[in-house]
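Here the structure is laid out as structure tokens; the discussion comes afterwards.
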Amino acid sequence: MLKLHFINVADGDSILVEALSGPRPFRLLVDTGLSRVEPVPGSLRGSCAAYLKRLGIRHIDVLVVTHLHLDHFGGIGELLRQASVDRVYTGYVPPRPDRRLPLRPTAQKTIQGQIQCLNLWCETVARLEQTGCQIHTVTHDQVLTPTDRLRVELLAPNKAVQAFQTQVWDRLLDGQAVPEDLEYWASKARNPGSMRLRLQYAGRRIELAGDCYGAMWDWGDLKPCDILKVPHHGDCKAVTEELVRKLRPRHAVISCAAEYIPRKDRPSARTAELLTAQGAQLWFTDAFSAPWHAAPRQWPAAVFSIQEDGTILTPNAPTESGRLT
2 MLKLHFINVA DGDSILVEAL SGPRPFRLLV DTGLSRVEPV PGSLRGSCAA YLKRLGIRHI
62 DVLVVTHLHL DHFGGIGELL RQASVDRVYT GYVPPRPDRR LPLRPTAQKT IQGQIQCLNL
122 WCETVARLEQ TGCQIHTVTH DQVLTPTDRL RVELLAPNKA VQAFQTQVWD RLLDGQAVPE
182 DLEYWASKAR NPGSMRLRLQ YAGRRIELAG DCYGAMWDWG DLKPCDILKV PHHGDCKAVT
242 EELVRKLRPR HAVISCAAEY IPRKDRPSAR TAELLTAQGA QLWFTDAFSA PWHAAPRQWP
302 AAVFSIQEDG TILTPNAPTE SGRLT
């Protein structure tokens, strides 16, 4: 059986994938959300580490960091206080994790955020290395086959975007001067340069899209999928009509806070409309509600199970019968 835990980390991403059919469980964690998730009434949100602790999980075989935004990797430090990690796959590894960038309060907001992320990422990489964890830079598509039934494709970021970011970040961490416009674009390219994952198990296809905007990959040779982790928290850039037409997901999971974020249109009614028009059933990690979605559900994670025959048990589905999709 394969279990997919879309963890309720509010406005962030963290997905636990468990292959439970072999001699020992294989656990893949995709992103970790923020280091701390503030509780709010009417929500069961929490940190990734707290959720794993609740399940009694003390070891992660593979951790994938899709890109360098705090809502995707900020929780690694807390995770390491209670669980070990064998391998990490990411799009960028600093050549000198001991380096730190000076804060620049007068810089543009996105540049300040990039500095904060790079400093924390250097600290995190150093800490991972101290534990003996293997850290791999993903520059081209890779395939992992951790069990005889589970296939995991790591879909590398756009090569040009990744090469540009790497050059800018390496120069910054080396103390070299970088024009502010290049810093700005390296920062803004983090979402469109996000790594994606594609899982195949028991004839089912799962697309975990990180924050990679739909327009960045809707041109590919894509096949319909059973479960889609909607990019970028379901905002207006998450999908395009072409992407949804190709994927035709049966289930679409939006990792978001319970509160609608107007300035980001997140989650977006337009995104929901495109998905449901192709027959997708929408699921939200937090207790989200809106005029177009008035049935919030409270849970610490939206959990899907895929049985050996391909039957998909949806969140809250009775385990003795499930729901065949």
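Residue numbers (this note's numbering): 2 to 326.
Just so it is clear, CB atoms sit at the ideal spot from N, CA and C, and this is done for glycine as well.
Cut-off 6 Å between Cβ atoms - residues of its own chain near residue i, not counting five sequence neighbours on either side
i: V153; result: L145, L200
i: S15; result: I8, D32, T33, G34, C49
i: G43; result: A288
i: A281; result: P250, A253
Identified DSSP bridge partners for residue i
i: V89; result: L64, I136
i: Q282; result: H252
i: R199; result: E154, E208
Per-residue DSSP class, three states only, for residue i
i: A127; result: helix
i: H294; result: strand
i: R172; result: helix
i: T326; result: Legend: pLDDT at T326 = 43, less than 50; position of this residue unreliable, no value from coordinates given.
i: Y261; result: coil
i: Q166; result: helix
i: H6; result: strand
i: I116; result: helix
i: E321; result: In this predicted model, E321 has a pLDDT of only 37, less than 50, meaning its place in the structure is not dependable enough to derive any value.
i: H252; result: strand
i: E19; result: strand
i: R191; result: coil
i: F74; result: helix
i: W220; result: coil
i: R271; result: helix
i: V153; result: strand
i: K230; result: strand
i: R59; result: coil
Distance CB(residue i)-CB(residue j) smaller than 8 Å
i: H141; j: A157; result: yes
i: Y52; j: P225; result: no
i: P263; j: G235; result: no
i: G211; j: L244; result: no
i: A187; j: Q113; result: no
i: G47; j: G204; result: no
Sequence-distant residues of the same chain with beta carbon closer than 8 Å to residue i, five excluded per side
i: E242; result: L275
Residue i CB to nearest heavy atom of the ligand SAH below 7 Å
i: S195; result: As presented, the structure is devoid of all ligands, the ligand SAH included, so that no description of it is given.
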